[in-house]
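Novice:
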Amino acid sequence: MFGSGELLGLYFDGIPLVFQFNVLLALTIGTTIGIIFGVIPGLSATIGVAIFTPLTYTMSAPVAFAILLGIYCGSVYGGSISAILINIPGTASSVMTRLDGHPLALKGEAGRAIGLATTSSFVGGIISVFLLAFFAPKLASFALQLSAQEYFSICLFGISVIAYISEGSPIKGLISGILGLLLATIGTDPITAYTRFAFGKAEIVGGFEVIPIMVGLFGISEVLKMVENKNSLPLKAEKFSRVKINSFKEILKNITTVIRGSVIGTFIGAVPATGGTIAAIISYGLEKRISKHPETFGKGEERGIIGPESANNAATGGAMIPMLTLGIPGDVVTAILIGALMLHGLAPGPMLFEQNPEIVSSIFIILLLSNILFLVLGLFGAKYFAKVVSWPKPILVSMILCLAIVGTFSVRNSLFDVWVLVIFGLIGYIMNKLGIPTAPLILGFILGGMVEQYLRQSLVLSFGNIFSFFSRPISAISIGLTILTILSPYITKVIKLPRKQK
Amino acid sequence: MLDIILGLVMLLISAGIVIAVKDFPSATIIEGLGPGFMPTLLAIILSLLALVLIIIGLINKLKNSPSKATLNFSVSSVKGPIILFASIIFYLLALHYLGFIISTPFLVIASMIIMGSKLKTAFIMSIILTGTTYMFFEILFKVSLPQGILF
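Residue numbers (the numbering used here), protein chains in the order written: chain A, 113 to 614; chain B, 91 to 241.
1) If I follow the unbroken alpha helix (DSSP H) through A/P324, where does it start and stop?
2) Within this structure, are the beta carbons of A/I226 and A/I196 separated by less than 7 Å?
3) In the DSSP assignment, what residue or residues form a beta bridge with A/G299?
4) Below 8 Å on C-beta distance, what does A/N525 contact in chain B?
5) Which residue's Cα is closest to the Cα of A/V339: B/S216, B/L98, B/V168, B/I135?
6) Less than 7 Å separating the beta-carbons of A/L538 and A/V241?
7) For a contact meaning CB atoms closer than 9 Å, what does A/T170 contact in chain B?
8) Of all the CB atoms in chain B, is at least one closer than 7 Å to the CB of A/L553?
9) Below 8 Å on C-beta distance, what does B/L207 contact in chain A?
10) With a threshold of 8 Å on Cβ separation, who are the neighbours of A/I535 within its own chain once the five nearest residues in sequence on each side are excluded?
11) Hey, would you say A/T386 sits closer than 7 Å to A/I380, going by beta carbons?
12) In the DSSP assignment, find the alpha helix (DSSP H) that holds A/T368 and state where it starts and stops.
13) Just curious, the alpha helix (DSSP H) that A/V472 is in, first and last residue?
14) Under 7 Å, Cβ to Cβ, is there at least one residue of chain B near A/D529?
15) Whole angstroms are fine: how far does the CA of A/S526 sit from the CA of A/V532?
16) In the DSSP assignment, find the unbroken alpha helix (DSSP H) run with A/F246 in it and report its ends.
17) Anyone know if the C-beta pair for A/V151 and A/S194 falls short of 7 Å?
18) Could you pull out every unbroken beta strand (DSSP E) segment of at least 3 residues lying fully inside the region 178-205 of chain B, listed in chain order?
19) Taking the continuous alpha helix (DSSP H) assigned at A/S395, which residues delimit it?
20) Please classify A/G461 as buried or exposed, where buried requires at least 16 neighbouring CB atoms within 10 angstroms.
21) Can you grab the Cα-Cα spacing for the pair A/F360 / A/T231, in whole Å?
22) Out of B/L141, B/I109, B/I144, B/I146, which one is the CA nearest neighbour of B/P129?
23) Tell me the start and end of each unbroken beta strand (DSSP E) in the region 526-557 of chain A that is at least 3 residues and wholly inside, in chain order.
24) Might you give, ordered along the chain, the residues of its own chain that have their beta carbon closer than 6 Å to the beta carbon of B/V99, omitting 5 neighbours on each side?
25) Can you tell which of B/M205, B/L230, B/L96, B/Y187 has its C-alpha closest to the C-alpha of A/V509?
26) In chain order, what residues of the same chain lie with their CB nearer than 6 Å to the CB of A/K411, ignoring the 5 residues before and after it?
27) Using a C-beta cutoff of 7 Å, does B/T223 count as contacting chain A?
28) Reducing DSSP to helix, strand and coil, say where A/G416 ends up.
29) Quick check: A/A426 and A/G236, are their CB atoms within less than 7 Å of each other?
30) Shorter than 7 Å from the beta carbon of B/I135 to some beta carbon of chain A?
31) Smallest Cα separation from A/G319: which of A/I298, A/K365, A/Y306?
32) Please state if the CB of A/R354 and the CB of A/G223 are separated by a distance shorter than 7 Å.
33) Using only alpha-carbon positions, find the residue among A/E262, A/I179, A/L129, A/S253 that is nearest to A/F579.
34) On a CA-only basis, which of A/L593, A/I595, A/A588, A/G493 is nearest A/A260? Give me that one, please.
35) Under three-state DSSP, which class holds B/Q237?
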């Protein structure tokens, strides 16, 4: 357990790091870029954080996280603007906001809808940061005592969950995860230092770098997709004059909805590999079920905006919990953030809390500030952000392409990395075409080293006895959950089958 | 049909891994726990998943139910991505010989034209974008961008 002094350090040591001109400037730029990426359909938090991660290489860690976390929080919020105004979720997690937000906009109440979305996103985000700051240190000191078996089983659970919830069939998701784990075995074996599958290429003796693979899978492949969909209809946004500021009153009136959404969001976000989208869907479903007037949902019900919006932004703080404390990402963006931490020589996991409390603290503070920033930017600037929807796509495509290529090159001054980037861009594009989700691959790749080391360590310690994984409650539960997750589509099929035959 | 091909490709990958792992040194402490352990284990799981994919694909084919995984593309829709990908490959080769400043405008023009932009806008953007990227990286971030070996 952390002593009270250490705990205070975790909360306040970051203040001098964060309250500096360049960090605050970076945070403002990051949050603004985030909202823009959120607003533009087809761009998302994932792409934003992916292409900006290599650019932060030369910056100090607080500046880097100010930009990246700003993009993360900003874009999850920004998605709601296009969901309300053009009925297309700008990011996947604002998919539910569309249902009641757009009807409100059609009634001419777009300003009110955006006001509600902005304030509830803010409150959800803030609550989740506090929950993160409260639970993360406890979980981290608990995680320090986890054995290799337990770590292995938790990783396995994370990969199976993301395989199962990703788009497409669970089998393809699992294949993607396994391919990611296989990709991680390329290069030097962590235990015996034997070089595997390098085929004489000096560049990959140390294994593939995370950055080019990540930016390729989530940046370049998206660019290729944008080129393919270039003829999609021009988007028309509902007009609105300004955001209603008195929405705080309405939020206070619906404070129970906000709190429910925030708590759901934080905890759903904290489950490895789930994220804001699922949190928003669950929150919407719950609000509709317990509402006295479920028939108003889908027609401009304010709780239909407030619930999901507080939930999807709360999921950002939630997703940081397993990422920071265990080194296991809560969603795809946090998987990329792990890559960013590693880029700055920081290893996420319980040791981060002991060795770099000031970094953990600055992450908490940056998240808090980013939520405040998008509230201000959203309330006063939503009108301008709405215009972003009609930004010319050719310029966006060429800009993202340049950023991705030059950014990846700049990390190691390596053209080889750029080739890896482009090849994985193509692989990602083809995988999308074949209905194979890419998220499990990157998760498998990032966790691969850990998974292998823990698995072999625990097998060596138990003299090859695989049942040792069931001897500890946490690993037994995780493995049980993993098996359940993998089999769940078939279990539900078996349960449903007799009904169909009737 | 597509799933069956995908499954077969995955089976090939698994087989390739198992063959490659044969040359790996064996472990000292516990038999089989050497550097080849993880790749072999993963290859086995991958081949099992591939078999499931193939079996499901075959069942769907026998039932003659239209397979869910039909490739949703026409040649015209992937033309753009293919041309862009080819341009990027040419760009990377050019980067090696001609360097960043000369090659990049061509990539920007190519990508913008593919997206349906006018040549004039593309031309202007290519200069602005190359210039700002160069300034940001070369001057602000102190990254030495490829100079090209011909200059």
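Every residue gets a Cβ at the ideal spot worked out from N, C-alpha and C, and that includes glycine.
Predicted model only: the values in this text are computed from it and were never measured.
Specialist: Working from what's here:
1) Here residue 324 of chain A corresponds to residue number 212 of the first sequence, with the count starting at 1. Run containing A/P324: 322-327, per the alpha helix (DSSP H) assignment.
2) Taking the first residue of the first sequence as 1, we reach residue 226 of chain A at position 114. Taking the first residue of the first sequence as 1, we reach residue 196 of chain A at position 84. The answer is yes: Cβ separation under 7 Å.
3) In the first sequence, residue 299 of chain A corresponds to position 187, counting from 1. BP columns for A/G299 point to A/R308.
4) Residue 525 of chain A sits at position 413 when you count from the first residue of the first sequence. V233, S234, listed in chain order.
5) The residue labelled residue 339 of chain A in the question sits at position 227 within the first sequence. Of the candidates B/S216, B/L98, B/V168, B/I135, the one whose C-alpha sits nearest the C-alpha of A/V339 is B/V168.
6) To locate residue 538 of chain A, count along the first sequence from 1; it is residue 426. To locate residue 241 of chain A, count along the first sequence from 1; it is residue 129. No; because the gap between Cβ atoms is not below 7 Å, this pair is not in contact.
7) Residue numbering aside, residue 170 of chain A sits at position 58 when the first sequence is read from its first letter. Chain B residues near A/T170: L230, F231, K232, V233.
8) Mapped onto the first sequence, residue 553 of chain A falls at position 441. In terms of beta-carbon proximity, A/L553 stays away from the interface with chain B, with every pair separated by 7 Å or more.
9) Here residue 207 of chain B refers to the residue found at position 117 of the second sequence. It is worth fixing the name first, because residue 207 of chain B is Ser in this sequence and not Leu. Simply P504, P506, I507.
10) As a working mapping, residue 535 of chain A is identified with position 423 in the first sequence. For A/I535, where only same-chain residues beyond five positions count, the Cβ hits under 8 Å are G328.
11) Your numbering for residue 386 of chain A matches position 274 in the first sequence. Your numbering for residue 380 of chain A matches position 268 in the first sequence. At the C-beta level, A/T386 and A/I380 come within 7 Å of one another.
12) For the purposes of this step, residue 368 of chain A is taken as residue 256 along the first sequence, with counting starting at 1. From DSSP, the alpha helix (DSSP H) with A/T368 extends over 367-382.
13) On the first sequence, position 360 is the one that residue 472 of chain A refers to. Start and end: 469-499.
14) Position 417 of the first sequence, counted from the start, is the residue given in the question as residue 529 of chain A. With 7 Å as the cut-off, A/D529 does not count as an interface residue toward chain B.
15) Locating residue 532 of chain A in the first sequence gives position 420, counting from the first residue. Locating residue 526 of chain A in the first sequence gives position 414, counting from the first residue. Spanning the two alpha carbons is a distance of roughly 10 Å.
16) In the first sequence, counting from the first residue as 1, residue 246 of chain A sits at position 134. 222-255 is the extent of the alpha helix (DSSP H) around A/F246.
17) Walking along the first sequence from the start, residue 151 of chain A turns up at place 39. Walking along the first sequence from the start, residue 194 of chain A turns up at place 82. In terms of Cβ geometry, A/V151 and A/S194 form a close pair [threshold 7 Å].
18) Here no run is fully enclosed.
19) If you number the first sequence from 1, residue 395 of chain A lands on position 283. Start and end: 388-402.
20) Looking up residue 461 of chain A in the first sequence gives position 349. By the neighbour-count rule (16 or more Cβ atoms within 10 Å), A/G461 is buried.
21) Position 248 of the first sequence, counted from the first residue, corresponds to residue 360 of chain A. Position 119 of the first sequence, counted from the first residue, corresponds to residue 231 of chain A. Each residue's alpha carbon lies about 7 Å from the other.
22) Position 39 of the second sequence, counted from the first residue, corresponds to residue 129 of chain B. It is B/I109.
23) none
24) In the second sequence, counting from the first residue as 1, residue 99 of chain B sits at position 9. Cβ within range, chain order: n/a, list empty.
25) Taking the first residue of the first sequence as position 1, residue 509 of chain A is located at position 397. Answer by Cα proximity: B/M205.
26) The residue you call residue 411 of chain A lines up with position 299 of the first sequence. These residues qualify, in order along the chain: P215.
27) For the purposes of this step, residue 223 of chain B is identified with residue 133 of the second sequence, where counting begins at 1. At least one chain A Cβ lies under 7 Å of B/T223.
28) Translated into the one-based positions of the first sequence, residue 416 of chain A becomes position 304. Correct three-state label for A/G416: helix.
29) Here residue 426 of chain A corresponds to residue number 314 of the first sequence, with the count starting at 1. Here residue 236 of chain A corresponds to residue number 124 of the first sequence, with the count starting at 1. In terms of Cβ geometry, A/A426 and A/G236 form a close pair [threshold 7 Å].
30) The residue labelled residue 135 of chain B in the question sits at position 45 within the second sequence. Output row for B/I135: interface = yes.
31) Locating residue 319 of chain A in the first sequence gives position 207, where the first residue counts as 1. Out of A/I298, A/K365, A/Y306, A/I298 has the C-alpha closest to the C-alpha of A/G319.
32) As a first step, residue 223 of chain A must be located in the first sequence, where it is residue number 111. As a first step, residue 354 of chain A must be located in the first sequence, where it is residue number 242. Yes. Within cutoff.
33) Here residue 579 of chain A refers to the residue found at position 467 of the first sequence. It is A/E262.
34) Taking the first residue of the first sequence as 1, we reach residue 260 of chain A at position 148. With distances taken between Cα atoms, A/A260 lies closest to A/A588.
35) The residue labelled residue 237 of chain B in the question sits at position 147 within the second sequence. DSSP places B/Q237 in coil when its eight states are reduced to three.
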